[in-house]
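Chains as they are written, first to last, in this note's numbering: chain H, 1 to 119; chain B, 120 to 696.
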């Protein structure tokens, strides 16, 4: 009998697995968003979702309340999440500036219009 | 041992940071100070009259001087591996070498930017601040010992590069290049971060040696026999592959190379030189660090077997025990059934995974780059594909080094030495190639290979230097490019086994494929008739002098590679111990 690993999540008390599942869903939404959106801003939103999915994982793995078996990331997890938030903000600032520059030159923010460079 | 109280922890952290870590971090601090000065000097009265070029060049030369070892290069032969900032960064001979490499490149690059005029008086401070910031990120990348520093280094190197790709304002192609670069870059960085979160979550640490110890404790062959264990291994493989996505993007290795030709064509030639030399070098060293960090355990490092926070153990270990020399748990018994010949030990599955993945990607990148370069008409696009091919070739050296590290440390050092020699000579080759492209662009306003026809008649020095550089990029014997290729092939031969032999054959074949498209450019410059429409092309004294200074080492090290090879050998003499 095949035992689906997520089947008993609903009956268990909240633990790391629940957080990681939400993180995985965020990651998949972000990846889909990156792959399907034709608007550059939509792609950037997808990237933010991916980063936040990873961040949720870091915080869940680092929490001593969810997992107290000596394999917890501890403070490292939370610090990494903080640093990632800062880096994501920096990256978003740069990406938006570049998107604005692209808009000024092309009068469009559609990534399909970025087709002059090919070969 | 002292009791662990808050006071003790804070004291030991402060001592460790001020006495041990910061002195080794001086070049990076000099870079930080230069960036701050560059950005704030205009606030003060009269500050706008100080050219930002002088601040940038002074700062980078100061950083370079600080990066040189105080006791001379001979001290590298006995320099132990040290962990800085409680295990965040690692300081060993490889860090010291790559830092000197990156900072020397930046000094040359700043001079080039000044000579080509890309950093004008208005934008100069932003341009130099971005270049120095990216260099700081690359220094951190190449000394990362913790997953957070790995990610931060990659991001600190990437984010300024996105802006640099679009630094020329008002050009459609430039803005398109920057948009493509930032979207690919941010996407792969997100995937890499998710992979890191999976790896660190399963292994319970983000410190590379502690992660390796946890991996060894997991005992992967046993884990594969149970259903639950297989799931754990699957998560680890998934995390490893996602981490590989980010690294492959930085290396422009094949499934993630799409950005490279487009960005290189759209960005200016100077920025291309920066991306192809410094960024690739740092990414290769980072790849080596990840491979060696997760694939090899060392005895002196903290083992995550207690409930104490691992950070404190790392501090205590740094203070009390001097790093031992022969700490690698090398199992000399090579499994003869194993196709990759990665040696034994609890971490051999990790090494096998790494070696197979890296060598396959390397073969595909190398072959694809060389084949795609054929039909190119734009010189920057052709050099971009050539960069992909060379990155593939250098990745082969990394694969050989990790395969050898499990069996014979001395042979593995030879492979890393080949990699460092390749990186160093690649600096001269690619920097002079892109410098010539940039200077010719200023003169002819064209980057098409066809427009270089008959250049030898109007500008003989440029044409001769470009030809020498292109022949060196092929790897033909009288020029410098021959030696690193030979040494990489030698390392692959030493690694042995069916996989590495396959890589060896692919590498040798690729050298032959590469011959044609480089020589086509040389033929256009030297043999084809000159078009009537073009006026005289002369670079001017300073640009010609710069090209001469950067490309002459290609000739000198081709004939006398000894000193440079000795230096790279010295730089790896304490590695993997």
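For each residue, glycine too, the CB sits at the ideal point set by N, CA and C. These numbers come from a predicted model, not from an experiment.
Which residues of the region 258-272 of chain B have a Cβ closer than 9 Å to any Cβ of chain H? Give them in chain order.
Under the 9 Å Cβ criterion, the region 258-272 of chain B contributes 265, 266, 267, 270, 271.
Going along the chain, which residues of the region 81-93 of chain H sit with their C-beta nearer than 8 Å to a C-beta in chain B?
83, 84, 87, 90, 91
Listing by chain order, which chain H residues have their CB less than 7 Å from the CB of residue 130 of chain B?
Result: empty, since nearest Cβ-Cβ is about 18 Å, beyond 7 Å.
Is the Cβ-Cβ distance between residue 131 of chain B and residue 210 of chain B less than 8 Å?
Going by C-beta atoms, residue 131 of chain B is not nearer than 8 Å to residue 210 of chain B.
Bridge partners for residue 208 of chain B per DSSP, in chain order?
According to DSSP, which records beta bridges pairwise, residue 208 of chain B is partnered with B/203, B/263.
Is there at least one Cβ from chain H nearer than 8 Å to residue 291 of chain B's Cβ?
yes
Residue 71 of chain H lies in the alpha helix (DSSP H); which residues open and close that run?
Careful: residue 71 of chain H lies outside any alpha helix (DSSP H) and carries neither H nor E.
How many angstroms separate the CA atom of residue 79 of chain H from the CA atom of residue 412 of chain B?
Inter-residue distance for residue 79 of chain H and residue 412 of chain B is about 21 Å (C-alpha atoms, whole angstroms).
In whole angstroms, what is the alpha-carbon distance linking residue 221 of chain B and residue 12 of chain H?
If you take the alpha carbons of residue 221 of chain B and residue 12 of chain H, they lie about 52 Å apart.
Label residue 499 of chain B either buried or exposed according to how many other C-beta atoms from any shown protein chain fall within 10 Å of its C-beta, with 16 as the threshold for buried.
buried
With a threshold of 8 Å between beta-carbons, can residue 117 of chain H be considered close to chain B, or not?
Judged by the 8 Å Cβ criterion, residue 117 of chain H is in contact with chain B.
Any beta carbon from chain B within less than 8 Å of residue 18 of chain H's own beta carbon?
no
Starting from the Cα of residue 23 of chain H, find the closest Cα among B/317, B/169, B/291 and give me that residue.
B/317
Is the distance from the Cβ of residue 598 of chain B to the Cβ of residue 626 of chain B below 8 Å?
no
For residue 334 of chain B, which option in B/179, B/545, B/466 has the closest C-alpha, if you only look at C-alpha atoms?
B/466
Please classify residue 326 of chain B as buried or exposed, where buried requires at least 16 other C-beta atoms within 10 Å of its C-beta.
Buried is the label assigned to residue 326 of chain B, since at least 16 other Cβ atoms lie within 10 Å of its Cβ.
Count the other C-beta atoms from every protein chain shown that fall within 10 angstroms of the C-beta of residue 543 of chain B, then say buried if there are 16 or more, exposed otherwise.
Result: buried.
Residue 502 of chain B and residue 516 of chain B - do their beta-carbons sit closer together than 8 Å?
no
Assign residue 326 of chain B to one of three DSSP states: helix, strand, or coil.
strand
Would you please state the rounded distance, in angstroms, between the beta carbons of residue 580 of chain B and residue 644 of chain B? I believe it to be under 8 Å.
Going by Cβ atoms, the distance from residue 580 of chain B to residue 644 of chain B rounds to 12 Å, so no, they are not a contact pair.
What does residue 30 of chain H touch in chain B if you count any residue whose Cβ is under 8 Å from its own?
309
State the Cα-Cα distance for the pair residue 224 of chain B and residue 392 of chain B, rounded to the nearest angstrom.
10 Å
With the cut-off set at 8 Å, would you say residue 553 of chain B and residue 384 of chain B are in Cβ contact?
In this structure, residue 553 of chain B keeps its C-beta atom at 8 Å or more from the C-beta atom of residue 384 of chain B.
Could you name the residues of the same chain whose beta carbon sits closer than 6 Å to that of residue 46 of chain H, not counting the 5 residues immediately before and after it, in chain order?
For residue 46 of chain H, where only same-chain residues beyond five positions count, the Cβ hits under 6 Å are 30, 33, 34.
Just mark residue 655 of chain B as buried or exposed, buried being the case when its beta carbon has 16 or more other beta carbons within 10 Å.
exposed
In this structure, what does DSSP give as the bridge partners for residue 8 of chain H?
According to DSSP, which records beta bridges pairwise, residue 8 of chain H is partnered with nothing at all.
Any beta carbon from chain B within less than 8 Å of residue 22 of chain H's own beta carbon?
For residue 22 of chain H, no CB of chain B lies under 8 Å from its own CB, so it is not counted at the interface with that chain.
For residue 693 of chain B, which of B/201, B/556, B/238 has the nearest alpha-carbon?
B/201
Quick test of your reading: residue 151 of chain B and residue 255 of chain B, contact by CB under 8 Å. State the CB separation rounded to the nearest angstrom.
7 Å
Using a C-beta to C-beta distance shorter than 7 Å, which residues of chain B count as neighbours of residue 9 of chain H?
Those do not exist, as residue 9 of chain H stays about 15 Å from chain B at its closest Cβ, beyond 7 Å.
Just the chain H side, please: which residues come within less than 7 Å of residue 319 of chain B by C-beta, in chain order?
61, 73
Alpha helix (DSSP H) containing residue 67 of chain H: first to last residue?
Unbroken run through residue 67 of chain H: none, as it is neither H nor E.
Between the C-alpha atoms of residue 25 of chain H and residue 53 of chain H, what's the straight-line distance to the nearest angstrom?
8 Å
For residue 34 of chain H, go through chain B and note every residue whose CB falls closer than 7 Å to its CB, in chain order.
306
Taking Cβ-Cβ distances shorter than 8 Å, what residues in chain B pair up with residue 25 of chain H?
By Cβ distance, chain B contributes nothing, its closest Cβ being about 12 Å from residue 25 of chain H, past 8 Å.
Going along chain H, which residues have a C-beta under 8 Å from residue 294 of chain B?
98, 101, 102, 104, 105, 106
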